[in-house]
Structures are given as structure tokens and as C-alpha cells.
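The sequence shown begins at 0 in numbering that gives the first Met the number 0 and counts up one residue at a time.
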Amino acid sequence: MQPLPFPIRTECPPGACVCDRDALLQSPDAVLEARILQLTQAEEKKLLQRLENITSLSDLRRLQERMEQQLGLQLTIAPSPNEVRTLRGITILVHEQRGLCRKTRQAIPAAIKKGMDQRPEITYELLNERGLFSGL
């Protein structure tokens, strides 16, 4: 295994995570696949802080796009197919990925919902993406 050209996340305690970090590092395409390991704990805190402080839906979509480009992290953010009465009706899914810590997969949607809770207009913009309010 050759060293990666960037600092990587420290491994979780044994049994605490199912990220499959070691297998990812042993992969022949480790440099390309291991982009997610660039999300060190310090960088994760910055990302979560940024997600909590989103200002608009376009800001959220821009962050979503940058996470996919830089880390290979895929998110799905959409209204639930059922009725949406609260933020619980918004589906925020962090797609499974080797090397992505379980706690991070839980923290990202929580940070986004916190940001949306602070700025309800983001939720309305998200609902209107599919034309919910266009007839009003």
C-alpha cells in the first residue's frame, strides 16, 4: 500500500464502525476511492457547521455538489412521497459508501435538518422544486 497524497481520517475504535476503511486503503484504486477519507474529524466539524448555517436551497445544492465532487459523497435531499407536515417529511439520504463513518452518515442529515429548521424558507423552496406552490 502506497501512502495517500493527503491526510486521512483516523480509524474508528474496533467494533464502533462498519466503514471498511482498511479494505478501502488496500484497494488498488485507493487514491481515487479514498477521497472520502479526506474528511478528517476536523474537516467533518467544519462541514457540519457549514451545513447547519445554510442560507438557501441553492446554497444547500451547491454544498451537495461539492461534497460529491471532492469526497465522492452522494446525498439525496427530497420531499417524502407521502404528505410533508414537518421536517420529518423531508428525506435526506447519505448513500452508503466504503470509508464513510457511520456517525458521519447520521450527522450530515441532522446538520441539514438543523439548518432547514433555522431557515424554514429553504424547506418551502425544496417543496416548490416540484411545483407544490406554483399554482398559488
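Here a beta-carbon is modelled for each residue, glycine too, at the ideal position from N, C-alpha and C.
Residues bridged to residue i [DSSP beta-bridge criterion]
i     : result
Val93 : Leu74
Counted within 10 angstroms of its Cβ, other Cβ atoms place residue i as buried (16 or more) or exposed
i     : result
Thr9  : exposed
Gly14 : exposed
Leu92 : exposed
Reduced DSSP secondary structure (H/G/I, E/B, other) of residue i
i      : result
Arg118 : coil
Glu128 : coil
Asp19  : coil
Glu10  : coil
Ser26  : coil
Thr103 : helix
Ser79  : coil
Leu38  : coil
Ser57  : helix
Gly98  : coil
Contact test: residue i Cβ vs the ligand SAH heavy atom, cutoff 6 Å
i     : result
Gly71 : Among the ligands in the structure shown, none appear at all, so the ligand SAH cannot be discussed.
For the stretch 59-76 against the stretch 6-24, do three or more pairs of beta-carbon atoms, one drawn from each stretch, fall closer than 8 Å, so that the two count as touching? No: the two stretches stay apart, fewer than three of their Cβ pairs being nearer than 8 Å.
Take every Cβ of the stretch 36-46, pair it with every Cβ of the stretch 113-126, and state whether three or more of those distances are shorter than 8 Å. no
Below 8 Å, can you find three or more Cβ-Cβ pairs linking the stretch 101-112 to the stretch 44-52? They touch, by the three-pair rule.
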